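Novice:
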Amino acid sequence: MINIFKNIDSLVQISNDNSKFKTKENMRNICEIKDGAIIFNEKILWAGKTEDLGKALESIDYDYMVVEEMRGKTVLPGFVDPHTHLIFGGDRSAEFARRLEGATYVDIAEEGGGIQSTVRATRAASLEDLIKNGKKLLTNAIKHGTVAFEIKSGYGLTTDSELKSLEAIKELRKQFPVHISSTFLGAHDFPPEYKDKRDEYVDLICNEMLPLVAKNNLADYCDAFVDKGYYTVEQGEKIFLRAKELGLKIKMHADELADVNAASLAAKVGAISADHLLFVSDAGIEAMKQSGTVGTLLPGTSFFIRMPHANARKIIDSGAITALSTDCNPGSSFTENMQMILWLATINLKMTAEEALVASTLNSAHAIEQSDKLGSIEEGKEASFIILDVPSYKELFYHFGYNHVEKVFIKGKEF
Ligand SMILES: [Zn+2]
Numbered sequence: 033m034i035n036i037f038k039n040i041d042s043l044v045q046i047s048n049d050n051s052k053f054k055t056k057e058n059m060r061n062i063c064e065i066k067d068g069a070i071i072f073n074e075k076i077l078w079a080g081k082t083e084d085l086g087k088a089l090e091s092i093d094y095d096y097m098v099v100e101e102m103r104g105k106t107v108l109p110g111f112v113d114p115h116t117h118l119i120f121g122g123d124r125s126a127e128f129a130r131r132l133e134g135a136t137y138v139d140i141a142e143e144g145g146g147i148q149s150t151v152r153a154t155r156a157a158s159l160e161d162l163i164k165n166g167k168k169l170l171t172n173a174i175k176h177g178t179v180a181f182e183i184k185s186g187y188g189l190t191t192d193s194e195l196k197s198l199e200a201i202k203e204l205r206k207q208f209p210v211h212i213s214s215t216f217l218g219a220h221d222f223p224p225e226y227k228d229k230r231d232e233y234v235d236l237i238c239n240e241m242l243p244l245v246a247k248n249n250l251a252d253y254c255d256a257f258v259d260k261g262y263y264t265v266e267q268g269e270k271i272f273l274r275a276k277e278l279g280l281k282i283k284m285h286a287d288e289l290a291d292v293n294a295a296s297l298a299a300k301v302g303a304i305s306a307d308h309l310l311f312v313s314d315a316g317i318e319a320m321k322q323s324g325t326v327g328t329l330l331p332g333t334s335f336f337i338r339m340p341h342a343n344a345r346k347i348i349d350s351g352a353i354t355a356l357s358t359d360c361n362p363g364s365s366f367t368e369n370m371q372m373i374l375w376l377a378t379i380n381l382k383m384t385a386e387e388a389l390v391a392s393t394l395n396s397a398h399a400i401e402q403s404d405k406l407g408s409i410e411e412g413k414e415a416s417f418i419i420l421d422v423p424s425y426k427e428l429f430y431h432f433g434y435n436h437v438e439k440v441f442i443k444g445k446e447f
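Numbering (the numbering used here), first residue to last: 33 to 447.
(1) Going by Cα to Cα distance, which pick from L118, I71, F432 and V312 is closest to M102?
(2) If you follow the alpha helix (DSSP H) that L330 is in, where does it begin and where does it stop?
(3) By how many angstroms is the C-alpha of L250 removed from the C-alpha of E199?
(4) Excluding five sequence neighbours on each side, which residues of the same chain lie with their C-beta closer than 6 Å to the C-beta of G145?
(5) Could you compute how far the alpha carbon of H285 sits from the alpha carbon of Y187?
(6) Please confirm whether any heavy atom of ligand 1 lies closer than 8 Å to the CB of D359.
(7) Using beta-carbon positions only, say whether V437 and S42 come within less than 9 Å of one another.
(8) Of all Cβ atoms in chain B, is any one closer than 9 Å to the Cβ of L289?
(9) Write down the C-beta distance between V390 and G110 rounded to the nearest angstrom, noting that I regard them as a contact closer than 8 Å.
(10) Any contact of the region 301-320 with the region 146-153, i.e. 3+ C-beta pairs under 8 Å?
(11) Can you confirm whether the region 217-226 touches the region 288-296 when touching is taken to mean that 3 or more C-beta pairs between the two stretches lie within less than 8 Å?
(12) Roughly how many angstroms separate the alpha carbons of N343 and V107, rounded to a whole number?
(13) Answer yes or no: do K443 and E401 have a C-beta to C-beta separation smaller than 9 Å?
(14) Excluding the 5 residues flanking L217 on each side, which residues of the same chain have their C-beta closer than 6 Å to its C-beta?
(15) Which of the three DSSP states, helix, strand or coil, is assigned to N370?
(16) Cβ of D307 within 8 Å of any heavy atom in ligand 1?
(17) So, helix, strand or coil for G104, using DSSP?
(18) Run the proximity test for K11: is its beta-carbon closer than 8 Å to any non-hydrogen atom belonging to ligand 1?
(19) Excluding five sequence neighbours on each side, which residues of the same chain lie with their C-beta closer than 6 Å to the C-beta of A275?
(20) Let me check one thing: in DSSP terms, what residues is I418 bridge-paired to?
(21) Could you tell me which whole alpha helix (DSSP H) segments of length 4 or greater appear in the region 120-163?
(22) Return yes when the C-beta of L330 is under 8 Å from any heavy atom of ligand 1, and no when it is not.
(23) What do you reckon, are the CB atoms on I46 and L394 nearer than 9 Å?
(24) State whether the region 330-337 contacts the region 354-364, with contact taken as three or more CB pairs (one from each stretch) at a distance under 8 Å.
(25) Please go through the same chain and pick out, in chain order, the residues whose beta-carbon is closer than 6 Å to the beta-carbon of A377, but skip the five residues on each side of it.
(26) Hey, out of V44, K426, G121 and S364, whose CA is closest to M339's CA?
(27) Are K283 and T190 touching if we call contact CB-CB under 9 Å?
(28) Using CA atoms only, rank isn't needed, just tell me which of K260, A306, R130 and S403 is closest to A180.
(29) If you check the beta carbons only, do M65 and I92 fall under 9 Å apart?
(30) Apart from the five residues just before and just after E74, which ones in its own chain have a Cβ nearer than 8 Å to its Cβ?
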């Protein structure tokens, strides 16, 4: 059986030449077809203009077909969210309310809040609790149009609780039809018991955690928070070299709080992506461009904790590969909705609508090495796309604040 959607007012392919990613002015070319059509089963078999459908069908084998009219609709590749922290215990809504009343980070930490409260709750949570919470967020995210994810551990900070978090991600992989990349982030923060002996914790990561993660095949990537007050460039490099030795690839939290040359380290160790980049230097951007490291921008975080914004214009205009992500986490960006990120990227990061679309589909798929399967609507890719109840993709940006996604298809099946 094949499915046909025809008379799609706005069919946004993103790419039609099997590009793995787009940079610079090419990010403004989203390959929109007006009055478009697609033929698909679990994969996209053809995409083009409705008037060319008859001819396209001549070269496709099928027993029967189901045809649907899509007038007034926009079809986009599903969003790819390449940086999330969906696995955690506890609830920090009361702490957020305190922040709105004017409480500072220090006040909140003294009250027992902040990341350490999530660490306590994640350690105490059962594997089932972590899966249950992750399932809820993942389901919501898919309903808002996301069809592939990266999920990190990083709220346990002990060997057992980090492995438990990665087991929860593994279980979500089994239960959901979407692609999920798994990342070990034991170097998210320092656990309270290693507050004054940070290098010893780095050794624990290198000598105990990473070998177990690798042996049990629990992660695709290793990440570390290389920033002012967190992991130094030297500590980060030590962790990354060990991870690479064990067969893991690298992703990185880089230069979010200050320029500590984390982006240059990302380029040096061949990281797939360096994320945040609020304070990245020109040299850091150039190094990333040369190494092909994706710069993933997380405007939800700047919005939610009132931080400055990353200089997306400079990063895009430099020619570095630029992606977008939610950074969904309980402390600094509690949203699983990629549409929210598109609104923030256009208004706060000064990206065009087209750049934001490329950054949240094809380029974000590249940030988890999945752009050969996902991120565009073209022949041979997964039929993982979304239908919006608007006649133009432009309306998605203009009319903000509600869910435009009417249907989500993952590998050809409606979710
Ligand atoms: Zn993060």
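Glycine is no exception: its CB is placed at the ideal position from the N, C-alpha and C atoms. Values in this document were obtained by computation on a predicted structure and should not be read as measured data.
Specialist: This is what the structure holds:
(1) The residue given as residue 102 occupies position 70 in the sequence shown. Of L118, I71, F432 and V312, the residue nearest in Cα terms is I71.
(2) In the sequence shown, counting from the first residue as 1, residue 330 sits at position 298. Taken as a continuous stretch (DSSP letters only), L330 belongs to no alpha helix (DSSP H), as it is neither H nor E.
(3) Working through the sequence shown from its first residue, we reach residue 199 at position 167. Working through the sequence shown from its first residue, we reach residue 250 at position 218. If I take the Cα positions, the gap works out to 7 Å.
(4) Here residue 145 refers to the residue found at position 113 of the sequence shown. Answer for G145: E127, listed in chain order.
(5) In the sequence shown, residue 285 corresponds to position 253, counting from 1. In the sequence shown, residue 187 corresponds to position 155, counting from 1. Near 15 Å, if we compare the C-alpha coordinates of Y187 and H285.
(6) If you number the sequence shown from 1, residue 359 lands on position 327. D359: yes, Cβ under 8 Å from ligand 1.
(7) Translated into positions along the sequence shown, residue 437 becomes position 405. Translated into positions along the sequence shown, residue 42 becomes position 10. No, these two residues do not count as a Cβ contact at 9 Å.
(8) Here there is only one protein chain, and chain B is not present.
(9) As a working mapping, residue 390 is identified with position 358 in the sequence shown. As a working mapping, residue 110 is identified with position 78 in the sequence shown. V390 to G110, Cβ: 14 Å. No contact.
(10) no
(11) no
(12) Indexing the sequence shown from 1 puts residue 343 at position 311. Indexing the sequence shown from 1 puts residue 107 at position 75. The straight-line gap from Cα to Cα measures roughly 30 Å.
(13) Within the sequence shown, the letter at position 411 stands for residue 443. Within the sequence shown, the letter at position 369 stands for residue 401. Going by C-beta atoms, K443 is not nearer than 9 Å to E401.
(14) The count along the sequence shown starts at 1 and reaches residue 217 at position 185. Hits under 6 Å: K184, S185, G186 and D255.
(15) Mapped onto the sequence shown, residue 370 falls at position 338. First, the residue type needs correcting, since residue 370 is Met and not Asn in the sequence shown. It is helical.
(16) To locate residue 307, count along the sequence shown from 1; it is residue 275. Checking every heavy atom of ligand 1 against the Cβ of D307, one is found closer than 8 Å.
(17) The residue given as residue 104 occupies position 72 in the sequence shown. G104: coil per DSSP, three-state reduction.
(18) For residue 11 there is no data in the structure shown, the boundaries of the chain being 33 and 447.
(19) As a working mapping, residue 275 is identified with position 243 in the sequence shown. L242 and C254, listed in sequence order.
(20) Counting from one through the sequence shown, the residue named residue 418 turns up at place 386. Partner(s): L108 and V440.
(21) 125-132, 137-142 and 147-156
(22) In the sequence shown, residue 330 corresponds to position 298, counting from 1. For ligand 1, at least one heavy atom lies less than 8 Å from the Cβ of L330.
(23) Start at 1 with the first residue of the sequence shown, and residue 46 comes out as number 14. Start at 1 with the first residue of the sequence shown, and residue 394 comes out as number 362. Yes. Within cutoff.
(24) yes
(25) Numbered from 1 along the sequence shown, position 345 holds the residue referred to as residue 377. Cβ within range, chain order: P331, L356, M383 and A388.
(26) Translated into the one-based positions of the sequence shown, residue 339 becomes position 307. It is S364.
(27) Translated into positions along the sequence shown, residue 283 becomes position 251. Translated into positions along the sequence shown, residue 190 becomes position 158. Their beta carbons are not under 9 Å apart, which means K283 does not touch T190 by this criterion.
(28) Reading the sequence shown from its first residue, position 148 is the one you call residue 180. Minimum Cα distance to A180 is reached at S403.
(29) In the sequence shown, residue 65 corresponds to position 33, counting from 1. In the sequence shown, residue 92 corresponds to position 60, counting from 1. It should be pointed out that residue 65 corresponds to Ile in this sequence rather than to Met. No; because the gap between Cβ atoms is not below 9 Å, this pair is not in contact.
(30) Locating residue 74 in the sequence shown gives position 42, counting from the first residue. Excluding sequence neighbours, E74 sits near E414, A415, K443, G444 and K445.
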